[in-house]
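Q:
Protein chains in written order, with our numbering: chain H, 1 to 240; chain V, 1001 to 1231.
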């Protein structure tokens, strides 16, 4: 299966019965959430990367919203990263990434449902450098990060305690992309004095096989992000 | 300037607001499942310090509290209530159906985005937002035909309570911004669905009237949101 992103005019690669397929994009943080869950759970799957700027019709037919990740298995289609990951945790419960205890599961869901307050700052921080409101933006960024720092300090090495859980994988992709921010805003660096638990957590996460397998170097993320801002996203960057 | 209202041990409390559609989702679930609860309404433009400090640092409703347990985010509250109070189960047992229903709620999010654009965005964008909202609703008009009397099938299920609050507000929205997107008879299946939902006891218990909603929208435009409409 080619890693190159398939775009308009391409054929949809035939899907063998019983095979789980992920429609993805190599630099998409949302798709990375689902890749992390699949890899950590050792689920067999194949990947089809999509050119999100020139989406094939056959992709839109599967997800009218037109975003990755999308899971396809026989006649079943699931999309939206949080829905994909909860679905995978239901169907492939080993290891279980969402607690079976309803209250603990709710607290975990709250953590990733409210992480949008952090991710939106990844777009606002670069803008704030341009319009002079960086300080204010960084204060908001740190305030949101403190929620996760505080929660992590109550839980252990990972948000899952002694081993990673769904929360760890749902939020990781943005921590991996902090080097893209710090090039224009060094203040966005996670200071180990201000965020000791998150700093240690980031190092631990980097040792997980699933994280290593989906990891892209800062230079790759920076290149992709620049190409995206320039209007010509380089989806296949780094591929032979 | 208020103080935290003491919570009796074992009592389920919902932090809510009479006009908030997200809080209405949780109130519908509580009503439909007959879950005893006490309501504490939060003034959304003058949030009490204790609410931000003790309950939800993001300051939003709904939030649920029972003894030392606190849950917020409307979808999480609804799921939690359905799991912990298993009578009258609202979430489908089948994981794939669960996923498809959640996906439908995400699709509906695209509709609600246009709703907020119409209410709070620049008025010159209203017509475009109404057009986009209508296109979004057409997908739901098609979908309800596949599913039955309700999106949940023969009975209202979680998906219905997750989307209902905005359907409840559409007529008032049309009146406020002078744009038609549902009342023109172009979506008969959705119109029939809305009528059926109006007969559901939980909806009758939780809803405010079109007049109430319109009064609220106008109070917002006048700079003084009136959360006590209809009282």
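Ideal Cβ placement from N, Cα and C applies to all residues, glycine included.
1. Is residue 132 of chain H buried or exposed, if buried means 16 or more other CB atoms sit within 10 Å of its CB?
2. In chain order, what residues of the same chain lie with their CB nearer than 7 Å to the CB of residue 105 of chain H, ignoring the 5 residues before and after it?
3. Quick one: grab the DSSP three-state call for residue 1063 of chain V.
4. Are the Cβ atoms of residue 204 of chain H and residue 157 of chain H separated by less than 8 Å?
5. Enumerate in chain order the residues of its own chain whose CB-to-CB distance from residue 1196 of chain V is below 6 Å, with the five nearest sequence positions on each side excluded.
6. State the Cα-Cα distance for the pair residue 1198 of chain V and residue 1081 of chain V, rounded to the nearest angstrom.
7. Curious, which full-length alpha helix (DSSP H) runs of at least 4 residues does the segment 1135-1218 of chain V contain?
8. With which residues is residue 1117 of chain V paired in a DSSP beta bridge?
9. Residue 1089 of chain V by DSSP, collapsed to three states: which one?
10. For the segment 89-111 of chain H, enumerate the residues whose C-beta is nearer than 7 Å to any C-beta of chain V, in chain order.
11. Going by beta carbon distance, what residues of the same chain come within less than 7 Å of residue 1035 of chain V, once the five residues before and after it are set aside?
12. Starting from residue 1041 of chain V, trace the beta strand (DSSP E) in both directions and tell me its first and last residue.
13. The alpha helix (DSSP H) with residue 76 of chain H in it runs from where to where?
14. Which runs of the beta strand (DSSP E) at least 3 residues long sit entirely within the segment 73-112 of chain H? Give them in chain order.
15. Between the C-alpha atoms of residue 1104 of chain V and residue 1163 of chain V, what's the straight-line distance to the nearest angstrom?
16. Near residue 168 of chain H, what residues of its chain come up, given a Cβ to Cβ distance below 7 Å and the 5 sequence neighbours on each side ignored?
17. Identify, in the order they occur along the chain, each residue of the same chain with its Cβ nearer than 8 Å to the Cβ of residue 1055 of chain V, setting aside the five sequence neighbours on each side.
18. Suppose you measure from the CA of residue 118 of chain H to the CA of residue 1170 of chain V; what does that come to, to the nearest Å?
19. Looking at residue 1172 of chain V and residue 1217 of chain V, is the spacing between their C-beta atoms short of 8 Å?
20. Among the candidates H/69, H/21, H/239 and H/44, whose CA atom is the shortest distance from the CA of residue 33 of chain H?
21. Assuming residue 244 of chain H and residue 183 of chain H form a contact by the criterion Cβ under 8 Å, report the distance between their Cβ atoms to the nearest whole angstrom.
22. Please work out which residues of its chain come closer than 6 Å, Cβ to Cβ, to residue 1215 of chain V, disregarding the five sequence neighbours upstream and downstream, and give them in chain order.
23. Taking Cβ positions only, does residue 118 of chain H come closer than 8 Å to chain V?
24. CA-CA distance, residue 1090 of chain V and residue 93 of chain H?
25. Distance, Cα to Cα, residue 36 of chain H vs residue 148 of chain H?
26. Enumerate, from N- to C-terminal direction, the unbroken beta strand (DSSP E) stretches of 3 or more residues contained entirely within the segment 164-200 of chain H.
27. Comparing the C-beta of residue 1072 of chain V with each C-beta of chain H, is any distance below 8 Å?
28. Distance check for residue 190 of chain H and residue 1023 of chain V, CA to CA, integer angstroms please.
29. Alpha carbon to alpha carbon, how far is residue 249 of chain H from residue 1179 of chain V?
30. Using only the alpha-carbon positions, how far apart do residue 1134 of chain V and residue 1018 of chain V sit?
31. Compare the C-beta of residue 83 of chain H with all C-beta atoms of chain V and state if any pair is closer than 8 Å.
32. Hey, would you say residue 195 of chain H sits closer than 8 Å to residue 239 of chain H, going by beta carbons?
33. Is it buried or exposed for residue 75 of chain H, if we count other Cβ within 10 angstroms and need 16 for buried?
34. Which of the three DSSP states is assigned to residue 1055 of chain V in this structure?
35. Let me know the secondary structure DSSP gives residue 1073 of chain V once reduced to three states.
36. For residue 228 of chain H versus residue 187 of chain H, is the C-beta spacing smaller than 8 Å?
A: This is what the structure holds:
1. Indexing the first chain from 1 puts residue 132 of chain H at position 132. When all chains shown are included, residue 132 of chain H counts as exposed.
2. Looking up residue 105 of chain H in the first chain gives position 105. Only 98 and 99 meet the Cβ criterion.
3. In the second chain, counting from the first residue as 1, residue 1063 of chain V sits at position 63. Reduced to three states, the DSSP call for residue 1063 of chain V is strand.
4. The sequence position of residue 204 of chain H within the first chain is 204, counting from 1. The sequence position of residue 157 of chain H within the first chain is 157, counting from 1. For residue 204 of chain H and residue 157 of chain H, yes; Cβs fall inside 8 Å.
5. Here residue 1196 of chain V corresponds to residue number 196 of the second chain, with the count starting at 1. For residue 1196 of chain V, where only same-chain residues beyond five positions count, the Cβ hits under 6 Å are 1149.
6. Walking along the second chain from the start, residue 1198 of chain V turns up at place 198. Walking along the second chain from the start, residue 1081 of chain V turns up at place 81. Residue 1198 of chain V and residue 1081 of chain V: Cα-Cα distance of roughly 23 Å.
7. 1158-1177, 1188-1198 and 1201-1206
8. The sequence position of residue 1117 of chain V within the second chain is 117, counting from 1. Partner(s): none; residue 1117 of chain V has no beta bridge.
9. As a first step, residue 1089 of chain V is located in the second chain; it is residue number 89 there, counting from the start. It is coil, neither helix nor strand.
10. 90, 91, 102, 103, 106, 109 and 110
11. To locate residue 1035 of chain V, count along the second chain from 1; it is residue 35. Closer than 7 Å at the Cβ level, and outside the excluded window around residue 1035 of chain V, lie 1012, 1081 and 1085.
12. As a working note, residue 1041 of chain V is residue 41 in the second chain. Its beta strand (DSSP E) spans residues 1038-1041.
13. Numbered from its first residue, the first chain carries residue 76 of chain H at position 76. Not the alpha helix (DSSP H): residue 76 of chain H falls in the beta strand (DSSP E), residues 76-79.
14. 76-79
15. The residue labelled residue 1104 of chain V in the question sits at position 104 within the second chain. The residue labelled residue 1163 of chain V in the question sits at position 163 within the second chain. In a straight line, the C-alpha of residue 1104 of chain V is about 9 Å away from that of residue 1163 of chain V.
16. In the first chain, the residue the question calls residue 168 of chain H occupies position 168. For residue 168 of chain H, where only same-chain residues beyond five positions count, the Cβ hits under 7 Å are 158, 159, 160 and 205.
17. Here residue 1055 of chain V refers to the residue found at position 55 of the second chain. Answer for residue 1055 of chain V: 1015, 1063, 1065, 1070 and 1072, listed in chain order.
18. What you label residue 118 of chain H is simply residue 118 of the first chain in a count that begins at 1. What you label residue 1170 of chain V is simply residue 170 of the second chain in a count that begins at 1. Straight-line Cα distance between these residues: approximately 32 Å.
19. Here residue 1217 of chain V refers to the residue found at position 217 when the second chain is read from its first residue. Here residue 1172 of chain V refers to the residue found at position 172 when the second chain is read from its first residue. Cβ atoms of residue 1217 of chain V and residue 1172 of chain V: closer than 8 Å.
20. Taking the first chain and counting its residues from 1, the one referred to as residue 33 of chain H is at position 33. Among H/69, H/21, H/239 and H/44, the Cα nearest to that of residue 33 of chain H is on H/69.
21. Limits of chain H in this structure are 1 at one end and 240 at the other, which puts residue 244 of chain H out of reach.
22. The residue you call residue 1215 of chain V lines up with position 215 of the second chain. Here the set comprises 1229.
23. Within the first chain, residue 118 of chain H is the residue found at index 118, counting from 1. So, not an interface residue.
24. Counting from one through the second chain, the residue named residue 1090 of chain V turns up at place 90. Counting from one through the first chain, the residue named residue 93 of chain H turns up at place 93. Going by the C-alpha atoms only, they are around 22 Å apart.
25. In the first chain, the residue the question calls residue 36 of chain H occupies position 36. In the first chain, the residue the question calls residue 148 of chain H occupies position 148. C-alpha separation (whole angstroms): 20 Å.
26. none
27. Locating residue 1072 of chain V in the second chain gives position 72, counting from the first residue. Closer than 8 Å to some Cβ of chain H, the Cβ of residue 1072 of chain V qualifies, so yes.
28. Counting from 1 along the second chain, the entry for residue 1023 of chain V is found at position 23. Counting from 1 along the first chain, the entry for residue 190 of chain H is found at position 190. Distance between the alpha carbons of residue 1023 of chain V and residue 190 of chain H: 35 Å.
29. Outside the modelled stretch of chain H, which goes from 1 to 240, sits residue 249 of chain H, for which no answer is possible.
30. Along the second chain, one-based indexing puts residue 1134 of chain V at 134. Along the second chain, one-based indexing puts residue 1018 of chain V at 18. Answer to the nearest angstrom: the Cα atoms are 26 Å apart.
31. For this step, residue 83 of chain H is matched to residue 83 along the first chain. Output row for residue 83 of chain H: interface = yes.
32. Counting from one through the first chain, the residue named residue 195 of chain H turns up at place 195. Counting from one through the first chain, the residue named residue 239 of chain H turns up at place 239. Contact flag unset, no.
33. To locate residue 75 of chain H, count along the first chain from 1; it is residue 75. That one is exposed.
34. Taking the second chain and counting its residues from 1, one reaches residue 1055 of chain V at position 55. Helix.
35. Your numbering for residue 1073 of chain V matches position 73 in the second chain. Of the three classes helix, strand and coil, the one that applies to residue 1073 of chain V here is coil, per DSSP.
36. Counting from 1 along the first chain, the entry for residue 228 of chain H is found at position 228. Counting from 1 along the first chain, the entry for residue 187 of chain H is found at position 187. No; because the gap between Cβ atoms is not below 8 Å, this pair is not in contact.
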